[in-house]
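Undergrad: In the numbering used here, the protein residues as written are 16 to 396. C-beta atoms are modelled at their ideal positions from N, C-alpha and C, and glycine is treated no differently. Predicted model only: the values in this text are computed from it and were never measured. I have a structure I would like to understand better, so I am pasting it below and will then ask my questions one at a time.
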Amino acid sequence: MVITPYLALVVMSPGQLHTTAAERMYTSPEHKVPVPLPTLSVPEEVQLSVVVPMYNEEKRLPTMLDEALSWLEQVRSSKESLSGLSEKEGAASALTGPLLTYELLLVDDGSKDSTYDVAMTYAKERSLPTGASLRITQLHTNRGKGAAVRHGVLHSRGAFILFADADGATRFSDLRVLSREMTRILTEKGHGVVVGSRAHLVTSEAVVKRSMLRNLLMRGFHLLLSILMRPPSIEKMYHHAVDAVVPQFLRATSHGTVTTLAQQPEIKDTQCGFKMFSRATAAHIFPLAHIDRWIFDVELLLLAEMASRASAAQHALRSPQDSSKDALLRLPLPIAEVAVHWTEIDGSKISLLTDSLRMGRDLVIIRLNYALGRWRAPSSL
């Protein structure tokens, strides 16, 4: 009886991405022949990588690239930092020093239209300054947005890596907001994730005008996400019981056995296509990811939180925690969420009902595989 569901899980679970030698190459205006892509295992070569997954984006891509490059060039020419903070105020030169070097890595996910040709033409016609580059790589078959993002991130050169959707729905200049928050939360070991969020737009006119079915499916997805990814645990119930029964002065003594670890705040919008990772964090979690399509963001955030929990538990055994600090500043791998400007763009590739069902299925697959130990959890940092 138990074997049948387990076999179903094995059959339905995706394997990890394996690319071909040709797919691990890139083209750019500077090279007449394809060149091997670098990997995350080598030191960073530029301050920022922007990974742009593309699938049938021949019409929307140029507008997004214009916006991204215009903002990056404005920051670079003004000798500003990504965060807008001076070096004395920040903790990382890639965020707070002048922006000098960056790359855009465009990943064509087996497009059926002329997306790749449009990207190549754009790269040849757009003049970029020294220190900036536009590279294009191609997956020969359509594998999904998650696979394209993962491929791009695993071959990025940046100290910090942003992935941004090709439709330009998120205002690119909001990278400043993400960079400022990354500067605030980045740990001494160089770990941190900042995600753009549309949660504040839930009552906006654009969302309210959506169809009743779309809003119903969206709320159902978030309910399932909350139940599966943050179920009530024995540990949480234990801590609630301790808080209710044990006096505060006993819990605060150095000889007490109760240790309350910092908790990662729940991310309200896991699906916004505008997320920033430090290189150290990307190298720690992206090689472990499995999900190739729409729900890949959830797995990445889960991997980051699992790594943080493992490290926090070890750290708590060595030294007491200062509970007066912001919870994010006490986490080994903090995940921050910041509001971004977002506009719904025509041309969505999501099939409302079919993809919603697939996303729900993939949530269950993610939860079961990590709960049963089929998929390897990240090690402590």
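1. Select from Gly-161, Ile-306, Pro-44 the residue whose C-alpha is nearest the C-alpha of Thr-136.
2. Does the separation of the CB atoms of Thr-111 and Ser-96 fall below 7 Å?
3. Counting C-beta neighbours from all protein chains within 10 Å, is the total for Gly-271 16 or more, i.e. buried, or is it exposed?
4. Which residue marks the beginning of the beta strand (DSSP E) containing Ser-96, and which one marks its end?
5. Between Asp-189 and Gly-211, which are expected to be in contact by the criterion C-beta below 8 Å, what is the C-beta distance as a whole number of angstroms?
6. When burial is assigned at 16 or more other CB atoms within 10 Å of the CB, is His-215 buried or exposed?
7. Take the Cβ of Phe-264 as the centre, count every other Cβ of all protein chains shown within 10 Å, and call the residue buried at 16 or more, exposed below.
8. To the nearest angstrom, report how far apart Leu-76 and Ala-134 are at their CA atoms.
9. Using the Cβ count rule (16 or more neighbours within 10 Å means buried), how would you classify Gly-30?
10. Measuring alpha carbon to alpha carbon, tell me which of Asp-370, Asn-157, Ala-351, Val-67 ends up nearest Phe-187.
11. Answer with buried or exposed for Asp-128, where buried requires no fewer than 16 other C-beta atoms within 10 angstroms of its C-beta.
12. Rounded to whole angstroms, what is the Cα-Cα separation between Met-374 and Leu-100?
13. I'd like the ranges of any alpha helix (DSSP H) spanning at least 4 consecutive residues and lying wholly in the segment 293 to 317.
14. Would DSSP call Trp-86 helix, strand or coil?
15. Starting from the Cα of Glu-172, find the closest Cα among Ile-200, His-305, Arg-389, Ala-147 and give me that residue.
16. What is the rounded straight-line gap between the Cα of Met-291 and the Cα of Leu-24?
17. Could you compute how far the alpha carbon of Gly-159 sits from the alpha carbon of Trp-309?
18. Rounding to the nearest angstrom, what Cα-Cα distance links Ser-241 and Thr-285 in this structure?
19. Counting C-beta neighbours from all protein chains within 10 Å, is the total for Leu-238 16 or more, i.e. buried, or is it exposed?
20. Rounded to whole angstroms, what is the Cα-Cα separation between Leu-303 and Arg-294?
21. Kindly list the residues whose CB is nearer than 6 Å to the CB of Val-168, restricted to its own chain and excluding five residues on each side of it in sequence; keep chain order.
TA: On the basis of the supplied data:
1. Taking the first residue of the sequence shown as position 1, residue 136 is located at position 121. For the residues Gly-161, Ile-306, Pro-44, the minimum Cα distance to Thr-136 belongs to Pro-44.
2. Numbered from its first residue, the sequence shown carries residue 111 at position 96. Numbered from its first residue, the sequence shown carries residue 96 at position 81. The answer is yes: Cβ separation under 7 Å.
3. Translated into positions along the sequence shown, residue 271 becomes position 256. The pLDDT assigned to Gly-271 is 45, lower than 50, so where the model puts this residue is not dependable, and the model offers no usable value.
4. In the sequence shown, counting from the first residue as 1, residue 96 sits at position 81. From DSSP, Ser-96 is part of no beta strand (DSSP E); its letter is neither H nor E.
5. In the sequence shown, the residue the question calls residue 189 occupies position 174. In the sequence shown, the residue the question calls residue 211 occupies position 196. The beta-carbon separation of Asp-189 and Gly-211, rounded to 6 Å, stays under the 8 Å limit for a contact.
6. Reading the sequence shown from its first residue, position 200 is the one you call residue 215. When all chains shown are included, His-215 counts as exposed.
7. Position 249 of the sequence shown, counting from 1, holds the residue named residue 264. Unreliable placement is indicated for Phe-264, whose pLDDT of 44 sits below 50; no coordinate value is reported for it.
8. To locate residue 76, count along the sequence shown from 1; it is residue 61. To locate residue 134, count along the sequence shown from 1; it is residue 119. The straight-line gap from Cα to Cα measures roughly 8 Å.
9. Locating residue 30 in the sequence shown gives position 15, where the first residue counts as 1. Under this definition Gly-30 is an exposed residue.
10. As a first step, residue 187 is located in the sequence shown; it is residue number 172 there, counting from the start. It is Val-67 whose Cα lies nearest to the Cα of Phe-187.
11. If you number the sequence shown from 1, residue 128 lands on position 113. Its Cβ having fewer than 16 others within 10 Å, Asp-128 is exposed.
12. Within the sequence shown, residue 374 is the residue found at index 359, counting from 1. Within the sequence shown, residue 100 is the residue found at index 85, counting from 1. Taking the straight line joining both Cα atoms gives about 39 Å.
13. Entirely contained in the segment 293 to 317, the alpha helix (DSSP H) runs reaching 4 residues are, in chain order, 294 to 300.
14. Translated into the one-based positions of the sequence shown, residue 86 becomes position 71. Per DSSP, reduced to three states, the secondary structure at Trp-86 is helical.
15. The count along the sequence shown starts at 1 and reaches residue 172 at position 157. For the sequence presented, residue 172 should be read as Arg rather than Glu. Here the closest residue by C-alpha is Ala-147.
16. Locating residue 291 in the sequence shown gives position 276, where the first residue counts as 1. Locating residue 24 in the sequence shown gives position 9, where the first residue counts as 1. So the alpha carbons of these two residues sit roughly 31 Å apart.
17. Position 144 of the sequence shown, counting from 1, holds the residue named residue 159. Position 294 of the sequence shown, counting from 1, holds the residue named residue 309. If you draw a straight line from the Cα of Gly-159 to the Cα of Trp-309, it comes to about 7 Å.
18. By one-based count along the sequence shown, residue 241 stands at place 226. By one-based count along the sequence shown, residue 285 stands at place 270. Their backbone Cα atoms lie some 11 Å apart in a straight line.
19. Within the sequence shown, numbered from 1, the residue matching residue 238 stands at position 223. By the 16-neighbour rule on beta-carbons within 10 angstroms, Leu-238 is exposed.
20. Taking the sequence shown and counting its residues from 1, one reaches residue 303 at position 288. Taking the sequence shown and counting its residues from 1, one reaches residue 294 at position 279. So the alpha carbons of these two residues sit roughly 15 Å apart.
21. Taking the first residue of the sequence shown as 1, we reach residue 168 at position 153. The residues Val-66, Ile-176, Ala-297, Phe-301, in chain order, have a CB closer than 6 Å to that of Val-168 in the same chain once the five nearest residues on each side in sequence are set aside.
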